[in-house]
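A.B. asks: Every letter in the sequence shown is one number past the one before it in UniProt numbering, and letter 212, counting from 1, is 212.
Before we start, here is the structure in question, set down as structure tokens.
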Amino acid sequence: MRGSQWALTALKAEQAWKTSKGAGVTVAVIGSGVDASHPDLTGRVVKGADLGDGSTVDGTHDQGPQDRQGGTHAAGIIAATGRNYQGDGVHGLAPDARVLPLRVYRNDSPAPTATAKAVRYAADHGARVIDVTVGFTKPSDALRSAVEYALGRGAVIVTGAGDNGRTGDEVTYPAAYPGVVAVAATDKKGAIWPNSHHGEHVTLTAPGVDILATAPGGDYWTGSGTQYAASWVAATAALLRAEHPRWTGDQVVRKLTGAASGKSSSGQDPRHGFGAVAPAAALADRTAPSPTPSASAVPAADPTADARDSIADRPENPAAYVTLLAVGAGLIVLAAIAWFLIRRSASPFNPFDPSGDD
Numbered sequence: 001m002r003g004s005q006w007a008l009t010a011l012k013a014e015q016a017w018k019t020s021k022g023a024g025v026t027v028a029v030i031g032s033g034v035d036a037s038h039p040d041l042t043g044r045v046v047k048g049a050d051l052g053d054g055s056t057v058d059g060t061h062d063q064g065p066q067d068r069q070g071g072t073h074a075a076g077i078i079a080a081t082g083r084n085y086q087g088d089g090v091h092g093l094a095p096d097a098r099v100l101p102l103r104v105y106r107n108d109s110p111a112p113t114a115t116a117k118a119v120r121y122a123a124d125h126g127a128r129v130i131d132v133t134v135g136f137t138k139p140s141d142a143l144r145s146a147v148e149y150a151l152g153r154g155a156v157i158v159t160g161a162g163d164n165g166r167t168g169d170e171v172t173y174p175a176a177y178p179g180v181v182a183v184a185a186t187d188k189k190g191a192i193w194p195n196s197h198h199g200e201h202v203t204l205t206a207p208g209v210d211i212l213a214t215a216p217g218g219d220y221w222t223g224s225g226t227q228y229a230a231s232w233v234a235a236t237a238a239l240l241r242a243e244h245p246r247w248t249g250d251q252v253v254r255k256l257t258g259a260a261s262g263k264s265s266s267g268q269d270p271r272h273g274f275g276a277v278a279p280a281a282a283l284a285d286r287t288a289p290s291p292t293p294s295a296s297a298v299p300a301a302d303p304t305a306d307a308r309d310s311i312a313d314r315p316e317n318p319a320a321y322v323t324l325l326a327v328g329a330g331l332i333v334l335a336a337i338a339w340f341l342i343r344r345s346a347s348p349f350n351p352f353d354p355s356g357d358d
């Protein structure tokens, strides 16, 4: 089956694997659940949670509609080992990564409140990358807050940009939320899939047409969509996190966008974002991007957060900035009085640019 996985060739997977296969990184897959019994996923899926209707208990069964991309497909793109058929099964881009399945379906449809809970659950249970395989046309305060929370804890959140490019091109969520890596789909020639959403929040492109992936029941499925594309980017983020475990989520995203190929002259455009994800190039350039404060990484930490997460992964406290600014301003005034007697500092300084809710 490796010969049918054109995306691995396009992404130069063999070259990337010389550096990283995602070992030690947990990728949360939020959607319909993951069939952990699939031969190509054996040993790669840990117990998660069913935050939807509870029909799968721990998320290790895929109970979603089979006519759309689901958790088992995403898990295969990310971490399939290819062990089926005596080593001729499907391979994921980060075959040594772990998958944390989180199911959010209720009555065959994903629920935004369950998705919000899943994002928080993922951030609190060691997921360094979160692949959200569902999307919604209406914004949700709970989902937005969960996204901000997870970003503040250092997670990289990836999702499809949307499959409505031919039907109104309506914005979807969480793709449109700040800090989320929204991925458009491309075909074998690198052209944008006609159904792929385009807009200012598109971050990257990745293979998303005729993608062969694992499917429930030990089966395989070939499909198209931006969620398929997003899973390749999530896997690439896992490769980077394994190779650079001390990098922040912001640094990982900046490396993904900085190493992308096929950039437009403007740097980012509504169809291609910053360009096509390039795993091998991102791994080859070992220069650490300078960490910068993220506008989406400012919510207060959940008091139920897993204690094993380090303080460096927690969101910064805006009150600390206010205190530092006040002290700094006072020192400036005192120094000005001491040196110039009559001069005063009158220019406020804002070290970060917070973004509020819509």
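Where is the CB? At the ideal position from N, CA and C, for every residue including glycine.
No experiment lies behind these values; they were computed from the predicted model shown.
Check ASP306 in the structure and name its three-state DSSP category.
C.D. replies: Model confidence at ASP306 stands at a pLDDT of 34, short of 50, so the residue's coordinates are unreliable; what they give is reported in the following sentence. Three-state result, ASP306: coil.
A.B. asks: Does DSSP put LEU102 in a helix, a strand or coil?
C.D. replies: Reduced to three states, the DSSP call for LEU102 is strand.
A.B. asks: Does the Cβ-Cβ distance between GLU170 and PRO270 come in under 7 angstroms?
C.D. replies: No, the Cβ-Cβ distance between GLU170 and PRO270 is not below 7 angstroms.
A.B. asks: Below 7 angstroms between beta carbons: does that hold for ALA184 and ALA155?
C.D. replies: Their beta carbons are not under 7 angstroms apart, which means ALA184 does not touch ALA155 by this criterion.
A.B. asks: Check whether the Cβ atoms of VAL34 and VAL132 sit closer than 7 angstroms, and answer yes or no.
C.D. replies: Cβ atoms of VAL34 and VAL132: not closer than 7 angstroms.
A.B. asks: Between which two residues does the beta strand (DSSP E) carrying ALA94 extend?
C.D. replies: Here ALA94 belongs to no beta strand (DSSP E), and DSSP marks it neither H nor E.
A.B. asks: With which residues is GLY223 paired in a DSSP beta bridge?
C.D. replies: BP columns for GLY223 point to ILE211.
A.B. asks: Straight-line CA distance for SER296 to ASP187?
C.D. replies: Annotation note: pLDDT 36 at SER296 (below 50); position unreliable, no value reported.
A.B. asks: For TYR85, count the other beta carbons within 10 Å of its own beta carbon; 16 or more makes it buried, fewer makes it exposed. Which is it?
C.D. replies: By the neighbour-count rule (16 or more Cβ atoms within 10 Å), TYR85 is not buried but exposed.
A.B. asks: Can TYR105 and GLY52 be called in contact, C-beta distance under 7 angstroms?
C.D. replies: Against a cut-off of 7 angstroms, the Cβ pair of GLY52 and TYR105 comes out as a contact.
A.B. asks: Quick one, which of VAL180, ALA116, THR248, ALA97 has its alpha-carbon nearest ASP50's?
C.D. replies: Comparing Cα-Cα distances from ASP50 to each of VAL180, ALA116, THR248, ALA97, the minimum goes to ALA116.
A.B. asks: Relative to the C-alpha of THR113, which residue among TRP6, ALA234, LYS263, VAL147 is closest?
C.D. replies: The residue with the shortest Cα to Cα distance from THR113 is VAL147.
A.B. asks: Could you check which residue in ASP40, SER109, ALA176, ALA80 has the C-alpha nearest to that of PRO95?
C.D. replies: Nearest option by C-alpha distance: ALA80.
A.B. asks: Could you pull out every residue in the same chain whose Cβ sits closer than 8 angstroms to the Cβ of ALA175, ignoring the five residues on either side in sequence?
C.D. replies: Excluding sequence neighbours, ALA175 sits near GLY135, THR159, GLY160, ALA161, GLY162, ALA182, HIS197, HIS201.
A.B. asks: Exposed or buried, which one is ASP141 when buried takes at least 16 other CB atoms within 10 Å?
C.D. replies: The residue is exposed, with fewer than 16 neighbouring Cβ atoms inside 10 Å.
A.B. asks: Run through the segment 8 to 75 for me and flag every whole beta strand (DSSP E) of 3 or more residues, listed as ranges in chain order.
C.D. replies: If we require 3 residues or more, the beta strand (DSSP E) runs fully inside the segment 8 to 75 come out as 26 to 31.
A.B. asks: Where does VAL180 fall in DSSP's three states?
C.D. replies: In the structure shown, VAL180 sits in coil (DSSP, three-state: anything other than H, G, I, E or B).
A.B. asks: Are ALA242 and SER261 close, meaning C-beta to C-beta below 7 angstroms?
C.D. replies: Not in contact: ALA242 and SER261 (Cβ atoms no closer than 7 angstroms).
A.B. asks: Hey, THR204 and GLY258: beta-carbon distance below 7 angstroms or not?
C.D. replies: Sequence inspection shows Leu at residue 204; the Thr mentioned does not correspond to that position. Not closer than 7 angstroms, so no.
A.B. asks: Suppose contacts are defined by Cβ-Cβ distances below 7 angstroms. Is THR172 in contact with THR137 by that definition?
C.D. replies: Against a cut-off of 7 angstroms, the Cβ pair of THR137 and THR172 comes out as a contact.
A.B. asks: Would you mind working out which of ARG286, ILE78, ARG83 sits nearest PRO101, comparing C-alpha positions?
C.D. replies: The option with the nearest alpha carbon to PRO101 is ILE78.
A.B. asks: Report yes if the CB atom of GLY82 is closer than 7 angstroms to the CB atom of HIS91, and no otherwise.
C.D. replies: Yes, the pair counts as a contact, with Cβ atoms nearer than the cut-off.
A.B. asks: Below 7 angstroms between beta carbons: does that hold for GLY89 and ASP40?
C.D. replies: Yes, they are a contact pair.
A.B. asks: Could you give the C-beta distance for ALA36 and VAL45, rounded to a whole number, given that I count them as a contact under 8 angstroms?
C.D. replies: Contact holds; Cβ gap of about 4 angstroms.
A.B. asks: Thinking C-alpha only, which one of GLY59, GLY208, LEU283, ALA281 is nearest SER32?
C.D. replies: Comparing Cα positions, the closest option is GLY59.
A.B. asks: What is the DSSP secondary structure of VAL285, reduced to helix, strand or coil?
C.D. replies: Checking the displayed sequence, the identity of residue 285 turns out to be Asp instead of Val. ASP285: coil per DSSP, three-state reduction.
A.B. asks: Specify the secondary structure class of residue 395 as computed by DSSP and reduced to three states.
C.D. replies: Any question about residue 395 goes unanswered here, given that the chain covers just 1 to 358.
A.B. asks: Straight-line CA distance for TRP221 to THR287?
C.D. replies: Taking the straight line joining both Cα atoms gives about 38 angstroms.
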